[in-house]
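Numbered by the numbering used here, the letters in the sequence shown go through residues 16 to 311 in order.
Before any comments, here is the structure.
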Amino acid sequence: MGELYIQYEYWFAAFQLITAMLGMGATLTANDFKDVVREPRSISFGMLIQLVLVPIIAYLFISYAGVLGGVAIGIALIAAIPGGTTSNIFTYMARGNVPLSISITGLTTLGCLITTPFILGVLITEYLPADFTMPTGQIVTEIALTLLLPLFVGMAILRFSKPIADVLSKWSIRASLFGILMIVVGSSSAGRLDLEAFGYDNALIVLLFIVALTMMSWFSSWVLKLSSADRTAVEMEVIIRNVNLGVLIKASLFPISATGSNTIGDAVLLTILLYGALQILFAMVIIPLKRRQSQA
């Protein structure tokens with residue numbers, strides 16, 4: 016499995032992202048974005064927090080928390096990617112404003128065509144090898160083909176056949192989860208996921224980063240006086256990132272090599288996967304708290 020993964024890492028990453036976005040698109044209609052008009056204040060604040068405050072938190076960690084190399088790049092990637100479809104599901108489970116969550120997810124997903132390479136360029140240039148050139152055009156192309164295109168295809172299928180879209184969404188999400196599992200198994204088999212080599216201090220930094228995002232999203236939503244349901248949606252959008260896209264960008268920027276260890280790439284991948292696991296755990300704690308608040 017390790018050798019197979021080394022040879023086809025990029026396509027494993029592309030598969031899990033394409034299927035995830037196809038499944039997400041099969042649940043969205045143009046009407047879901049009408050909240051941009053109906054709730055401009057909440058959406059504007061949600062976008063501001065997502066696109067400005069999250070990268071600022073990442074910058075502070077990278078600059079002042081002693082974060083180096085692949086971990087710094089991994090944190091920057093997490094900050095540069097939008098929220099994923101899982102945030103919409105968790106918002107629903109937490110009794111938050113689901114239309115607001117969907118609108119923020121959709122808009123930041125569309126916007127990441129521009130924002131992702133820009134944020135990466137600002138945050139991680141100094142941590143890359145001297146001979147490394149940020150492939151902005153390649154990142155934009157990959158986002159368009161593996162994220163936006165399947166999203167629109169899924170939406171088109173829903174428009175013409177809801178029964179087919181329902182089945183497609185269910186199995187696409189399952190296929191994406193299977194793809195993530197294969198990445199974890201393949202990376203482990205290839206010796207690329209070594210938590211001891213990664214360092215427990217770095218694992219603690221990733222944990223503190225998600226704690227900081229959680230506190231920042233809660234405090235910002237409170238200061239902006241958003242409703243309880245809107246706060247829940249914004250908090251989930253900030254905490255739950257599209258790690259599928261992060262894995263693909265990592266595979267593109269730092270491809271795995273059969274000839275030797277890619278220390279930076281390995282640290283980037285483990286940072287992203289560790290954050291992905293932590294965000295699920297955090298959501299499982301937040302959801303029952305939010306449900307109790309909504310009943311109060």
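We put the beta carbon where it would ideally sit given N, CA and C, even for glycine.
Burial state of K240 (16 or more Cβ within 10 Å): Working through the sequence shown from its first residue, we reach residue 240 at position 225. Per the 10 Å Cβ criterion, exposed.
Check whether S116 and M231 have beta carbons under 8 Å apart: Looking up residue 116 in the sequence shown gives position 101. Looking up residue 231 in the sequence shown gives position 216. For S116 and M231, no; Cβs fall outside 8 Å.
Expected contact under 8 Å - CB spacing of A227 and Y142 to nearest Å: The residue labelled residue 227 in the question sits at position 212 within the sequence shown. The residue labelled residue 142 in the question sits at position 127 within the sequence shown. That pair is no contact at about 19 Å.
Beta-bridge partners of G98, as assigned by DSSP: What you label residue 98 is simply residue 83 of the sequence shown in a count that begins at 1. Its beta-bridge partners are R256.
Every unbroken alpha helix (DSSP H) inside the stretch 137-194 [4 residues or more]: 151-158, 164-175
Buried/exposed call for D181, threshold 16 Cβ in 10 Å: Here the question's residue 181 lines up with position 166 in the sequence shown. Label assigned to D181: exposed.
D281, buried or exposed, once every other Cβ within 10 Å from all chains shown has been counted against 16: Position 266 of the sequence shown, counting from 1, holds the residue named residue 281. Buried, since its Cβ has 16 or more Cβ neighbours within 10 Å.
Option nearest F175 by Cα separation, candidates T42, V69, I302: As a first step, residue 175 must be located in the sequence shown, where it is residue number 160. If we check each option's Cα against that of F175, T42 comes out closest.
Neighbourhood of I264 by C-beta distance below 7 Å, restricted to the same chain and skipping five residues each side: As a first step, residue 264 must be located in the sequence shown, where it is residue number 249. Closer than 7 Å at the Cβ level, and outside the excluded window around I264, lie L92, I154.
Inter-residue spacing [alpha-carbon to alpha-carbon] between G152 and G201: Start at 1 with the first residue of the sequence shown, and residue 152 comes out as number 137. Start at 1 with the first residue of the sequence shown, and residue 201 comes out as number 186. About 28 Å.
Three-state secondary structure assigned by DSSP to A109: Sequence index remark: in the sequence shown, residue 109 carries index 94 (1-based). Three-state DSSP puts A109 in coil, outside helix and strand.
Pick from A218, V69, A95, R307 that is closest to I134, judged by C-alpha positions: Reading the sequence shown from its first residue, position 119 is the one you call residue 134. That would be A95, whose Cα lies nearest to the Cα of I134.
Assigned secondary structure, S116 (DSSP; H/G/I helix, E/B strand, else coil): Here residue 116 corresponds to residue number 101 of the sequence shown, with the count starting at 1. Three-state result, S116: helix.
Alpha helix (DSSP H) segment containing S303, residue limits: By 1-based counting over the sequence shown, the position of residue 303 is 288. Before going on, a small fix: residue 303 reads as Pro here, not Ser. That run of the alpha helix (DSSP H) goes 278-310.
Short Cβ contact (8 Å threshold) for I302 with F105: Numbered from 1 along the sequence shown, position 287 holds the residue referred to as residue 302. Numbered from 1 along the sequence shown, position 90 holds the residue referred to as residue 105. Yes; because the gap between Cβ atoms is below 8 Å, this pair is in contact.
For V249, the nearest candidate out of Y107, I90, G291 (CA to CA): Position 234 of the sequence shown, counted from the first residue, corresponds to residue 249. It is Y107 whose Cα lies nearest to the Cα of V249.
As assigned by DSSP and simplified to three states, the class of V82: Taking the first residue of the sequence shown as position 1, residue 82 is located at position 67. Coil, per DSSP.
Buried or exposed by the 16-neighbour rule on C-beta atoms within 10 Å, applied to F193: As a position in the sequence shown, residue 193 is number 178, starting the count at 1. Flag for F193 reads exposed.
I279 versus L210 - alpha carbon distance: By 1-based counting over the sequence shown, the position of residue 279 is 264. By 1-based counting over the sequence shown, the position of residue 210 is 195. Approximately 14 Å, taken between the alpha carbons.
8 Å Cβ cutoff met for L162 and T101: Taking the sequence shown and counting its residues from 1, the one referred to as residue 162 is at position 147. Taking the sequence shown and counting its residues from 1, the one referred to as residue 101 is at position 86. No.
Collapsed DSSP secondary structure at G214 in the structure displayed: Your numbering for residue 214 matches position 199 in the sequence shown. Coil at G214, not helix or strand.
C-alpha gap between M177 and L196, whole angstroms: Residue 177 sits at position 162 when you count from the first residue of the sequence shown. Residue 196 sits at position 181 when you count from the first residue of the sequence shown. Per the sequence shown, residue 177 should be read as Lys rather than Met. Approximately 29 Å, taken between the alpha carbons.
Host alpha helix (DSSP H) of F60 (start-end): Translated into positions along the sequence shown, residue 60 becomes position 45. 55-63 is the extent of the alpha helix (DSSP H) around F60.
Contact belief for R56 with A244 at Cβ below 8 Å, rounded distance in angstroms: In the sequence shown, residue 56 corresponds to position 41, counting from 1. In the sequence shown, residue 244 corresponds to position 229, counting from 1. Their Cβ separation, rounded to whole angstroms, is 14 Å, which puts R56 and A244 out of contact at 8 Å.
Residue burial classification, Y290 (beta-carbon count within 10 angstroms, cutoff 16): As a working mapping, residue 290 is identified with position 275 in the sequence shown. With 16 or more Cβ atoms within 10 Å of its Cβ, Y290 is classed as buried.
Pick from P114, I119, A212 that is closest to R333, judged by C-alpha positions: With the chain covering 16 to 311 only, the question about residue 333 has no answer from this structure.
CB contact flag (T131, I158, <8 Å): The count along the sequence shown starts at 1 and reaches residue 131 at position 116. The count along the sequence shown starts at 1 and reaches residue 158 at position 143. Yes.
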